[in-house]
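The structure appears below as structure tokens.
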DNA sequence: TATTGTTATACTCTATAACTATA
DNA sequence: TATAGTTATAGAGTATAACAATA
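Residue numbers (the numbering used here), protein chains in the order written: chain F, 16 to 139; chain P, 16 to 139.
Structure below.
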């Protein structure tokens with residue numbers, strides 16, 4: 016199980032770095048297809064809000080996301096990918112082939128079985 | 016699959032922090048039950064040797080590992096856990112219950128099946 | 001000349017504390 | 001008074017480059 020998780024993590028990081036961002040940045044990028052508040056994002060990722068600020072600062076500097084004041088609550092900012100960000104993230108996703116590679120070695124029955132077991136194990 | 020890996024990673028980090036070290040430190044600690052060279056360790060973890068130096072410096076400062084000049088090759092250092100390190104790592108391992116918790120929700124048949132599928136997926 | 005490990009340095013991730021603006 | 005987000009700061013992980021000692 017350790018080896019499996021380790022292989023997944025390494026593949027994720029390799030794919031991110033191949034596109035010029037880090038694993039943490041890819042994680043944020045993947046969650047802002049639709050505009051999101053930063054607080055919401057911090058809660059979802061289980062990290063401090065100040066951390067999101069830093070991650071977003073770097074992504075914004077590279078033109079991959081943009082922030083705007085929320086129309087509903089002027090304290091909040093809505094975060095969203097730019098067209099460049101959409102493109103970069105799509106390429107990243109394509110190159111992150113772990114799930115595909117890993118299930119390629121399994122029969123269709125086994126793939127289904129694995130998904131079922133992982134889901135049941137997590138209790139979700 | 017992402018959720019599963021994420022849950023594993025978080026559990027690993029929580030367990031490590033509960034014992035006062037980080038995930039990376041736990042990882043090193045787990046690999047030096049028997050004396051190991053630092054180069055060997057860097058290759059195994061897929062990171063730079065200078066990184067190992069830093070990690071070991073912190074572990075050594077806390078008395079969890081010790082270094083000595085290798086008798087075979089005086090350029091090398093052999094790294095090994097101290098008795099304190101053994102104790103700390105054993106406690107960490109006990110508290111890292113992810114694999115146990117996760118498989119507790121599965122029947123014995125399913126547990127076996129999951130192990131088999133993960134192994135086959137990795138091609139090992 | 002090649003290899004082991006260290007040091008200096010720099011970047012990123014992350015958290016805590018203090019702050020601003022808004023509610 | 002409480003909440004969203006920022007800034008300053010600090011510790012940890014990581015890599016690159018330059019270096020020392022040894023092979």
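Don't be surprised by glycine CBs; every beta carbon is placed ideally from N, CA and C.
For residue 54 of chain P, the closest C-alpha among the options P:48, P:66, P:44 is that of P:66. Secondary structure in the region 48-89 of chain P: the alpha helix (DSSP H) runs of 4 residues or longer, each lying completely within the stretch, are 53-60, 64-76 in chain order. The three-state reading of DSSP puts residue 92 of chain P in strand, counting E and B together. For residue 118 of chain P, the chain F residues whose Cβ falls inside 8 Å of its Cβ are 136, in order along the chain. With a cutoff of 9 Å on beta-carbon distance, residue 129 of chain P and residue 136 of chain F are scored as near each other. If you draw a straight line from the Cα of residue 26 of chain P to the Cα of residue 120 of chain P, it comes to about 17 Å. Between residue 35 of chain P and residue 42 of chain P, the alpha-carbon positions lie close to 13 Å from each other. Taking 7 Å as the upper bound on Cβ-Cβ separation, chain P lies near no residue of the region 30-48 of chain F. In the structure shown, residue 35 of chain F falls within a coil segment according to DSSP collapsed to helix, strand and coil. With contacts defined as CB atoms closer than 9 Å, residue 44 of chain F and residue 107 of chain F qualify as a contacting pair. Shown here, residue 121 of chain F sits in coil according to DSSP, grouped into three states, outside any helix or strand. The beta carbon of residue 28 of chain P is closer than 6 Å to those of 38 in its chain, skipping five residues each way along the sequence. Straight across, the Cα-Cα distance linking residue 117 of chain P with residue 104 of chain P is about 21 Å.
Of the residues assessed, residue 134 of chain P falls on the exposed side of the cut-off, its CB having fewer than 16 other CB atoms within 10 angstroms. Interface with chain P (9 Å Cβ-Cβ cutoff): residue 114 of chain F is included.
Between residue 70 of chain F and residue 96 of chain F, the CB-CB gap reaches or exceeds 9 Å. At a cut-off of 9 Å between C-beta atoms, residue 53 of chain F does not count as an interface residue with respect to chain P. In this structure, the alpha-carbon of residue 124 of chain F lies about 26 Å from that of residue 115 of chain P. Not one beta carbon of chain F lies nearer than 9 Å to the beta carbon of residue 97 of chain P. The C-beta of residue 100 of chain F has 16 or more other C-beta atoms within 10 Å across all chains shown, which makes the residue buried. For residue 109 of chain F, the three-state secondary structure derived from DSSP is helix. Here the alpha carbons of residue 111 of chain F and residue 90 of chain F stand approximately 36 Å from one another.
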